[in-house]
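Q: Residue numbers (numbering that gives the first Met the number 0): 0 to 429.
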Amino acid sequence: MQLDASKEWFKKAQEVLPGGVNSPVRAFKAVGGQPILMDKGEGPYIHDIDGNTYVDYVGSWGPLIVGHAHPKVVAALNAAVAKGSSFGTATVQEVELAKRVIQAVPSLEKVRFVNSGTEATMSALRLARGFTGRDKIIKFAGCYHGHADAFLSESAGSGVATLGIPGSAGVPKGAAQDTLTLNYNDLNQVDKCLERHGQDVAGIILEPVAGNMGLVKPADGFLEGLRHLCDKYDCLLIFDEVMTGFRLGLAGAQGHFDIRPDLSTFGKVIGGGLPVGAYGGRRDIMAHIAPEGGVYQAGTLSGNPLAMAAGIATMDLIMEPDFYTQLFAHTAALESGLNDLFAATGFAGRVYSIGSMFHLWLGEPETPAQNYEQTKAGDQELFQKLYQGLLSEGIYMAPSAFEVGFMSSAHTEVEVEKTVRAFKNSIAKL
Ligand code: PLP
0 MQLDASKEWF
10 KKAQEVLPGG
20 VNSPVRAFKA
30 VGGQPILMDK
40 GEGPYIHDID
50 GNTYVDYVGS
60 WGPLIVGHAH
70 PKVVAALNAA
80 VAKGSSFGTA
90 TVQEVELAKR
100 VIQAVPSLEK
110 VRFVNSGTEA
120 TMSALRLARG
130 FTGRDKIIKF
140 AGCYHGHADA
150 FLSESAGSGV
160 ATLGIPGSAG
170 VPKGAAQDTL
180 TLNYNDLNQV
190 DKCLERHGQD
200 VAGIILEPVA
210 GNMGLVKPAD
220 GFLEGLRHLC
230 DKYDCLLIFD
240 EVMTGFRLGL
250 AGAQGHFDIR
260 PDLSTFGKVI
270 GGGLPVGAYG
280 GRRDIMAHIA
290 PEGGVYQAGT
300 LSGNPLAMAA
310 GIATMDLIME
320 PDFYTQLFAH
330 TAALESGLND
340 LFAATGFAGR
350 VYSIGSMFHL
360 WLGEPETPAQ
370 NYEQTKAGDQ
380 ELFQKLYQGL
390 LSEGIYMAPS
400 AFEVGFMSSA
410 HTEVEVEKTV
420 RAFKNSIAKL
């Protein structure tokens, strides 16, 4: 595979951008080689600046649930930009997107749009603290909630795990001292923690299916147990659905598991590939946000008309009847196709999926990982070797063993078969 243009431009990138990238997980540190600069996306495919084509399972890290450059999203964006790129005023479009999101997710009564998932979780945390008058927050090791100080205390998910660092420099002790980090799926530990700190805990935030430490599903009763404990201690249950939102069905993980959180955060799919995040929930809680209430949160470009247009077009596509049937079937077909191949070749790996997300676990396939400690035990070296093989076979996966893959409605049996074939060839060359 020829990557001359990518190599040349990455050299230039390193002169002007820290590490040559604008987000650390793009840096290929965990897989060797160097980042590939992309030029164009079409449906399930992405093309680099050297003219190589890949089946894309990154999908811009989740947003592109209808694939690259879907004609309806492109048309909506073209129409919106012709009318001006931003007004900084109230618009019809933000009401239209809010109506769709609230219709899709039953726990939402009101929603506030922001510009990223990080902003959404950061603001939801402030709101939880403002609403309850308490400072402490419980999070789980390996869950990523964006890069706000309070969430980067320790074991903050895939980005830092990929780099092999525990958290981040530059986080003042004070900013993270109220963050209590517990083990995912350990309800007993949460119970004990709340016994001790319950009166000071504003809320529990988690990825209801963790997708930033590989793929870790909630154990039976875990989410129900958290709901119960939040009710008992009068603190808020916050589902960070930035990744799972609209990925596990229209109502996200909360719909899939039938649990009603008090607040939820969104990003990725909600903006159809443009920068949008959102947080929302119960009306009485949301009433605490300025200008209705005293919790301040604002944004120059929040509810930007281009982002709203891409979000509305994407929501309209995913709200079509049967949208998820094919999407989930293709994800399940990829999971079973690869697991059959691994079993037939004696390859030490296993694919786990849920909805339209999947993860490639490398190592002895015992029982699925339940928490960060277990998921860290995956075979990183094998991942690196396999990753390079897959790239040269035209498969673009996230360059980290801790990241999940995303299926889009543009992927078909053709891409699934191509992917299984590419794995077969790459495994044979290991
Ligand atoms: N929360 C979760 C669960 C995420 O997966 C991410 C990003 O991957 C974020 C929050 C942060 O979102 P953003 O990268 O848009 O700031």
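Virtual Cβ for every residue (Gly too), placed ideally from N, Cα, C.
All of these numbers come straight from a predicted model, not from anything done at the bench.
#1: Within its chain, find whatever has a CB closer than 7 Å to the CB of K71; leave out the 5 residues flanking it on each side and keep chain order.
#2: Closest to V50 by CA distance: which of L36, S167, H69 is it?
#3: Which of the three DSSP states, helix, strand or coil, is assigned to E402?
#4: What number of angstroms, rounded off, separates the C-alpha of T90 from the C-alpha of G141?
#5: Per DSSP, which residues does M37 bridge with? Please list them.
#6: Is the beta carbon of V30 sitting closer than 9 Å to the one on F357?
#7: Using 8 Å as the threshold, is the segment 18-33 in touch with the segment 64-78, meaning 3 or more CB pairs across them?
#8: Taking C-alpha atoms, which residue in G336, F139, V189 lies nearest to R420?
#9: Let's test the definition: count the other Cβ atoms within 10 Å of the Cβ of F86 and tell me whether it reaches 16, buried, or not, exposed.
#10: Straight-line CA distance for G293 to T366?
#11: Are the segment 180-188 and the segment 267-286 in contact at 8 Å, needing three or more beta carbon pairs?
#12: Looking at G354 and Y386, is the spacing between their C-beta atoms short of 9 Å?
#13: Looking at C-alpha atoms only, which residue of K191, S152, N187 is the closest neighbour of V170?
#14: Measuring alpha carbon to alpha carbon, tell me which of E334, L228, I258 ends up nearest F405.
#15: Taking 8 Å as the cut-off, does the CB of N211 come closer than this to any heavy atom belonging to the ligand PLP?
#16: Can you give me the start and stop residues for the alpha helix (DSSP H) that W360 sits inside?
#17: Out of F27, H46, V24, which one is the CA nearest neighbour of A4?
#18: One question on the structure: do V54 and Y395 come within less than 9 Å of each other, judged by their Cβ atoms?
#19: If you measure from the CB of E118, is any heavy atom of the ligand PLP nearer than 8 Å?
#20: What does a CB cutoff of less than 7 Å around H146 pick up in its chain, not counting 5 residues either side in sequence?
#21: Check V15 in the structure and name its three-state DSSP category.
#22: Run the CB neighbour count on K39, radius 10 Å, all protein chains shown included, and call it buried at 16 or more, exposed below.
#23: Express the C-alpha separation of L247 and L300 in angstroms, rounding to a whole number.
#24: With contact counted as at least three CB pairs below 8 Å, one residue from each stretch, are the segment 255-267 and the segment 229-237 in contact?
#25: Helix, strand or coil: how does DSSP classify L181 here?
#26: On the premise that I269 lies in contact with G310, defined as a C-beta separation below 8 Å, what is that separation, rounded to the nearest angstrom?
#27: Alpha carbon to alpha carbon, how far is A347 from L214? Give it in angstroms, no decimals.
#28: For V72, which residues does DSSP report across the bridge?
#29: Verify whether the separation of the beta carbon atoms of V94 and M285 is less than 9 Å.
#30: Kindly indicate which three-state DSSP category Y143 falls into: helix, strand or coil?
#31: Hey, would you say the C-beta of H146 is under 8 Å away from at least one heavy atom of the ligand PLP?
#32: How many angstroms separate the CA atom of G388 from the CA atom of G32?
#33: So, for V415: in the same chain, excluding its five sequence neighbours on each side, which residues have a beta-carbon less than 7 Å away from its beta-carbon?
A: The short version:
#1: In the sequence shown, the residue the question calls residue 71 occupies position 72. Answer for K71: A312, L316, listed in chain order.
#2: Sequence index remark: in the sequence shown, residue 50 carries index 51 (1-based). According to the sequence displayed, residue 50 carries Gly and not Val. Comparing Cα positions, the closest option is L36.
#3: Taking the first residue of the sequence shown as 1, we reach residue 402 at position 403. Taken through DSSP and simplified to helix, strand or coil, E402 comes out as coil.
#4: In the sequence shown, the residue the question calls residue 90 occupies position 91. In the sequence shown, the residue the question calls residue 141 occupies position 142. Roughly 38 Å between the two C-alpha positions.
#5: Here residue 37 is taken as the residue at index 38 of the sequence shown, counted from 1. According to DSSP, M37 bridges with D47.
#6: Within the sequence shown, the letter at position 31 stands for residue 30. Within the sequence shown, the letter at position 358 stands for residue 357. For V30 and F357, no; Cβs fall outside 9 Å.
#7: Not touching, per the Cβ criterion.
#8: One-based indexing of the sequence shown puts residue 420 at position 421. Distance check between R420 and each of G336, F139, V189 places G336 closest, using alpha-carbon atoms only.
#9: Working through the sequence shown from its first residue, we reach residue 86 at position 87. With fewer than 16 Cβ atoms within 10 Å of its Cβ, F86 is classed as exposed.
#10: Within the sequence shown, numbered from 1, the residue matching residue 293 stands at position 294. Within the sequence shown, numbered from 1, the residue matching residue 366 stands at position 367. The alpha-carbon atoms of G293 and T366 are separated by roughly 47 Å.
#11: Contact fails between the segment 180-188 and the segment 267-286, because fewer than three Cβ pairs, one in each stretch, are under 8 Å apart.
#12: Here the question's residue 386 lines up with position 387 in the sequence shown. Here the question's residue 354 lines up with position 355 in the sequence shown. No, these two residues do not count as a Cβ contact at 9 Å.
#13: Translated into positions along the sequence shown, residue 170 becomes position 171. Of the listed residues, the one whose Cα sits closest to V170 is S152.
#14: Taking the sequence shown and counting its residues from 1, one reaches residue 405 at position 406. Residue E334 is the option with its Cα nearest to F405.
#15: To locate residue 211, count along the sequence shown from 1; it is residue 212. With a threshold of 8 Å, the Cβ atom of N211 counts as near the ligand PLP, since some heavy atom of the ligand is closer than that.
#16: One-based indexing of the sequence shown puts residue 360 at position 361. Unbroken run through W360 is the beta strand (DSSP E), 356-361; no alpha helix (DSSP H).
#17: Here residue 4 is taken as the residue at index 5 of the sequence shown, counted from 1. It is H46 whose Cα lies nearest to the Cα of A4.
#18: Sequence index remark: in the sequence shown, residue 54 carries index 55 (1-based). Sequence index remark: in the sequence shown, residue 395 carries index 396 (1-based). With respect to the 9 Å criterion, V54 and Y395 are classified as neighbours on the basis of their beta carbons.
#19: On the sequence shown, residue 118 is found 119 positions in, with the first residue counted as 1. At least one heavy atom of the ligand PLP is found less than 8 Å from the C-beta of E118.
#20: The residue given as residue 146 occupies position 147 in the sequence shown. If you ignore the 5 residues before and after H146, its C-beta comes within less than 7 Å of the C-beta of T117, all in its own chain and listed in chain order.
#21: For the purposes of this step, residue 15 is taken as residue 16 along the sequence shown, with counting starting at 1. In this structure, V15 counts as helix in the three-state DSSP scheme.
#22: By 1-based counting over the sequence shown, the position of residue 39 is 40. By the Cβ-count criterion, K39 is exposed, with fewer than 16 other Cβ atoms from all chains shown falling within 10 Å of its own Cβ.
#23: As a working note, residue 300 is residue 301 in the sequence shown. As a working note, residue 247 is residue 248 in the sequence shown. Roughly 28 Å separates the two Cα atoms.
#24: The segment 255-267 vs the segment 229-237: in contact.
#25: The residue given as residue 181 occupies position 182 in the sequence shown. In the three-state DSSP reduction, L181 falls in the strand class (E or B).
#26: On the sequence shown, position 311 is the one that residue 310 refers to. On the sequence shown, position 270 is the one that residue 269 refers to. About 5 Å separates the beta carbons of G310 and I269, which is inside the 8 Å limit, making them a contact pair.
#27: Walking along the sequence shown from the start, residue 214 turns up at place 215. Walking along the sequence shown from the start, residue 347 turns up at place 348. The alpha-carbon atoms of L214 and A347 are separated by roughly 17 Å.
#28: The residue labelled residue 72 in the question sits at position 73 within the sequence shown. In DSSP, V72 forms no bridge with anything.
#29: To locate residue 94, count along the sequence shown from 1; it is residue 95. To locate residue 285, count along the sequence shown from 1; it is residue 286. With contacts defined as CB atoms closer than 9 Å, V94 and M285 fail to qualify as a contacting pair.
#30: Taking the sequence shown and counting its residues from 1, one reaches residue 143 at position 144. Under the three-state reduction of DSSP, Y143 is assigned to coil, being neither helix nor strand.
#31: For the purposes of this step, residue 146 is taken as the residue at position 147 of the sequence shown. H146: yes, Cβ under 8 Å from the ligand PLP.
#32: Locating residue 388 in the sequence shown gives position 389, counting from the first residue. Locating residue 32 in the sequence shown gives position 33, counting from the first residue. Computed Cα separation, rounded: 12 Å.
#33: Residue mapping note: residue 415 aligns to position 416 of the sequence shown, counting from 1. H329, A332, L333, G336, listed in sequence order.
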